[in-house]
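In the numbering used here, the protein residues as written are 653 to 833.
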């Protein structure tokens, strides 16, 4: 009876993956907007600042593409580029917010509104980082298990400390043979 009920349920959807694709689509739109903007700025005012801004947006665009390929192909290594670049961007925003608040000579409605928008932007960035990192952990775990099942026993050792290596399990803490010796 219970097995029949499980068959009646709709197909399982990976909502975390869908959210990660939505984050990636938003990041792609955002990076393309800044890429076009900095290209126009580079054409009108060529200097070191605009050149660095243009190169930064190219790197940002490439990390977004790496995240898309990582989501599509299930390759956890490609997530790291986006997580690293977005983490640096989020830390930069936090430093900018702290600097902006502490260097302000007055406290008025316009400053408060500016700080609130920055704060909520940081909250959204941190939420996106957390969601993509959560999916990265799941994909990384499945990637390790897949390679372990295919006979590549060394794949899980890259992520396991040497004193916890196991010959019989990808989960060293559950290796009962290791503790019986």
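C-beta atoms are modelled at their ideal positions from N, C-alpha and C, and glycine is treated no differently.
Spatial neighbours of residue 665 in its chain, beta-carbon cut-off 8 Å, leaving aside the 5 residues before and after: none
Inter-residue Cα distance where the pair is residue 705 and residue 686: 9 Å
Meets three-Cβ-pair contact criterion under 8 Å: the segment 724–737 and the segment 774–794: yes
7 Å CB neighbourhood of residue 676 in its chain, flanking five on each side removed: 716, 719, 720 and 723
8 Å Cβ shell around residue 748 - same chain, five flanking residues per side excluded: 770
Host alpha helix (DSSP H) of residue 752 (start-end): 728–755
Rounded separation between residue 703 and residue 752 - CA only: Using only the alpha carbons, I get a separation of about 25 Å.
Per-residue burial, residue 796 [other beta carbons within 10 Å of its own, 16 or more giving buried]: A residue is called buried when at least 16 other Cβ atoms come within 10 angstroms of its Cβ; residue 796 meets this threshold and is buried.
DSSP-derived helix/strand/coil call for residue 665: coil
Cβ-based burial, residue 756 [other Cβ within 10 Å; buried from 16]: exposed
Residue 706 - containing alpha helix (DSSP H), residue span: Under the DSSP assignment, residue 706 falls in the alpha helix (DSSP H) whose first and last residues are 700–725.
Residues of its chain near residue 669, where Cβ-Cβ distance is below 6 Å and the 5 sequence neighbours each way are ignored: Residues of the same chain with their beta carbon placed closer than 6 Å to that of residue 669 are lacking, with the five preceding and five following residues left out of the count.
Candidates 694, 712 and 786, of which the one nearest residue 679 by Cα: 712
CB of residue 783 within 8 Å of CB of residue 735, strictly: no
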